[in-house]
Ligand code: SF4
Ligand code: SF4
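In the working numbering, the protein residues as written are -14 to 665.
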């Protein structure tokens, strides 16, 4: 290898790569601040699990695709050292990294380098075949992805050619002891007639080394301009992943006069969102179970991130200029520069309003994304902008917001009827029982919806049977603010949250039971953002705890129809990992034959009501609740067990629409448990 040529090659390609990376990262400096370096220990553990351990690629479904990725990922990590050595040998023949020479470590490395070269080539072949012949619906057939796979494959093939010909030219080379793949290549080539004194061998050796390096360095320079940039950004992206509770949205500081109310322009996202956009590998795992995408709504979480990334790239020059002005401590000028943008708008043009409102906030996307990209917060940021800055939202939500503002419930029913359901049940209020242990926070559905009031009453009877010391607030309860928050109306949500917190403080609440996963998630994971933490218990947890203590013995045989399928609520399961307890309750009821839907537990399919979707029209594509009901019905079960008011209402609506009330029933687990006790 010619040292001058090697020096020039490295200088030009590494300089160009550095400039490209600066070009990509500079715009991030005008994006919004975000603290993502707290708790370094947890972050490092996450890197070991999710970056080096590739944990999210080991999930049961589509494991073949995951294995192909792992084979390439680990292979590239290992082979990179060999590429560095090869470049060094352009200056000093037989140069090696410190400690790597002909020592035990060096030869062990050579063995693994060969093993991982094989692993990369096999992984690329598998990934290619997966994309072309066995492509799952989540994936797109991207020419770019196929080019990249070929690029990596041939980089490795060149390395193998280099090594094989090296061993023909230097049969006594120490690495021959460990390089099993190189020796195999040597034997094949010698079988084809190559020998140490053939000029072709020397030429092939040069082609192998230059080919590997040229392909490697050109690939490095292609990275910042293609989806493979995630090879650079995934490590920082995963290190700076969100550590907040899974079910909590990022709070908005309403007191700060300079705060931006949501996101209407790409630079109004935090810089971490920018890194996320670069990190998206276009694998489609986020949309594999997205209820909006799978029912033909105009939302694909993958397309959302890809479209934002393209928009960010279009604004790169302007944002880079603004970043430089910001470094020069001239924020006014920087803001003026950003105002010059007269191209497409983020909200409306790049991301359609239909897409923004189509999300059910089910959380599958983030939970399945190997890079842990935060789609839900991303979408809610844009909803906040639409609602709080532009006052633009689906017209049906006017009624919802009015109901919450004036009557503190989306049903728009008189707030002084909130406690009517317990008039004849002997339930006490905090005034009547100041020494209560639990507050049963009923929520709006449990107070106002006729179907879910039956669940509220069933749970009340169970608590009373078990002798639990609890109270209800009745008219003094306000909506918990969950749905208003997910609809982008943070002001309204915080108004209700603060009212409830004051009330809880006044009466001395320490433990809260709730029969709604949405209230449960918000009280448990979001109320602490406002300075108060309680022990929050979902009703299934409470029922199971009481059952384990022997409060509900010897239930009668299940009097439902056929087998039972449990539908996981997103806010109970995916956001709060409550998968087993609801199933334990169902199995406890004698005579229940529990079956599972194909999409269950972590990959359960949303009922379509979350994120405020319950209060919006669904005119595009197939209805999500119909799709989910059909998945459940396909199990042959005649009873759908739920543990969430939204799920119950949405699924029961389908049963009624289809006129299947005689055949299928939708019941809450509290009702199932109570019925089995009452039938004794
Ligand atoms: S939260 Fe659910 S509905 Fe929204 S984009 Fe993600 S997977 Fe789709
Ligand atoms: S957002 Fe995540 S899951 Fe979705 S395509 Fe990008 S990397 Fe894959």
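By construction, the Cβ of each residue, glycine as well, lies at the ideal position given by its N, Cα and C atoms.
Treat the numbers as computed from the prediction; the structure is a model and nothing was measured.
Item	Value
For residue 563, which residues of its own chain have a beta-carbon under 6 Å away from its beta-carbon, when the five flanking residues on both sides are left out?	557
Below 8 Å, how does it come out for the stretch 448 to 461 and the stretch 228 to 242: are there three or more Cβ pairs, yes or no?	no
Taking its Cβ as the centre, do 16 or more other Cβ atoms sit within 10 Å of residue 138, making it buried, or is it exposed?	buried
Helix, strand or coil for residue 520 per DSSP?	strand
Taking all protein chains shown into account, do 16 or more other C-beta atoms lie within 10 angstroms of the C-beta of residue -12, making it buried, or fewer, making it exposed?	exposed
Under 7 Å between C-beta atoms, does residue 459 make it to chain D?	The structure shown has no chain D; it contains just one protein chain.
Where DSSP assigns a beta bridge to residue 653, which residues make up the other side?	627
Please tell me whether, using a cut-off of 6 Å, the distance from the CB of residue 346 to the nearest non-hydrogen atom of ligand 1 is below it.	yes
Might you give, ordered along the chain, the residues of its own chain that have their beta carbon closer than 8 Å to the beta carbon of residue 689, omitting 5 neighbours on each side?	Nothing can be reported for residue 689: it is not among the residues displayed for the chain, which extend from -14 to 665.
Applying the 10 Å Cβ sphere with the 16-neighbour rule, what's the burial state of residue 509?	buried
Following the continuous beta strand (DSSP E) through residue 361, name the residue where it begins and the one where it ends.	From DSSP, residue 361 is part of no beta strand (DSSP E) but of the alpha helix (DSSP H) over 360 to 369.
Going by other Cβ atoms of all chains shown within 10 Å of its Cβ, with 16 needed for buried, is residue 256 buried or exposed?	buried
Just the Cα atoms here: how many angstroms apart are residue 664 and residue 538?	At residue 664 the pLDDT is 48, less than 50, meaning the model places this residue with poor confidence; the figure from the coordinates comes in the next sentence. Cα to Cα, the separation comes out at about 12 Å.
Can the beta-carbon of residue 552 be found less than 7 Å from the beta-carbon of residue 617?	yes
Using CA atoms only, rank isn't needed, just tell me which of 565, 554, 292, 423 is closest to residue 499.	423
Please classify residue 17: does DSSP put it in a helix, a strand, or coil?	strand
Determine the extent of the alpha helix (DSSP H) in which residue 161 is found, giving its start and end residues.	Residue 161 -> no alpha helix (DSSP H), and no H or E assigned at all.
Whole angstroms is fine: what's the gap from residue 90's alpha carbon to residue 68's?	17 Å
Taking DSSP as the reference, what is the three-state secondary structure of residue 664?	With a pLDDT of 48 at residue 664, under the threshold of 50, the modelled position of that residue is not reliable, and the figure given next carries that caveat. Looking at residue 664 - three-state DSSP - the assignment turns out to be coil, as it is neither helix nor strand.
What number of angstroms, rounded off, separates the C-alpha of residue 275 from the C-alpha of residue -5?	44 Å
Measure the alpha-carbon distance for residue 542 versus residue 388 and round it to whole angstroms.	42 Å
Whose C-beta lies closer than 7 Å to the C-beta of residue 63 among residues of the same chain, with five residues either side of it excluded?	97, 98, 101
For residue 279 and residue 273, what's the separation of their Cα atoms in angstroms?	8 Å
Assuming contact is defined by CB atoms lying nearer than 7 Å, are residue 193 and residue 161 in contact in what I supplied?	no
Using three-state DSSP, classify residue 279 as helix, strand or coil.	helix
To the nearest angstrom, how far is it from the Cα of residue 416 to the Cα of residue 386?	30 Å
Grab the span of the beta strand (DSSP E) containing residue 499 for me, first residue to last.	496 to 499
Going by DSSP, what residue range makes up the alpha helix (DSSP H) through residue 577?	Unbroken run through residue 577: none, as it is neither H nor E.
For residue 497, is the classification buried or exposed, using 16 other Cβ atoms within 10 angstroms of its Cβ as the cut-off for buried?	buried
Leaving aside the five residues before and after residue 413 along the sequence, list all residues of the same chain whose C-beta is less than 7 Å from its C-beta, in chain order.	456
In chain order, what residues of the same chain have a beta carbon less than 8 Å from the beta carbon of residue 264, not counting five sequence neighbours either side?	214, 215, 218, 219, 222, 356, 358
What is the C-beta distance between residue 145 and residue 170, in whole angstroms, given that I count them as a contact (C-beta under 8 Å)?	5 Å
Hey, is residue 163 close to ligand 1, as in C-beta under 6 Å from one of its heavy atoms?	no
Since residue 337 sits in a beta bridge, which residues does DSSP pair it with?	Answer by DSSP bridge pairing: none, since residue 337 is not bridged.
Quick check: is any heavy atom of ligand 1 less than 6 Å from the C-beta of residue 360?	yes
Beta-carbon separation of residue 164 and residue 52 under 7 Å?	no
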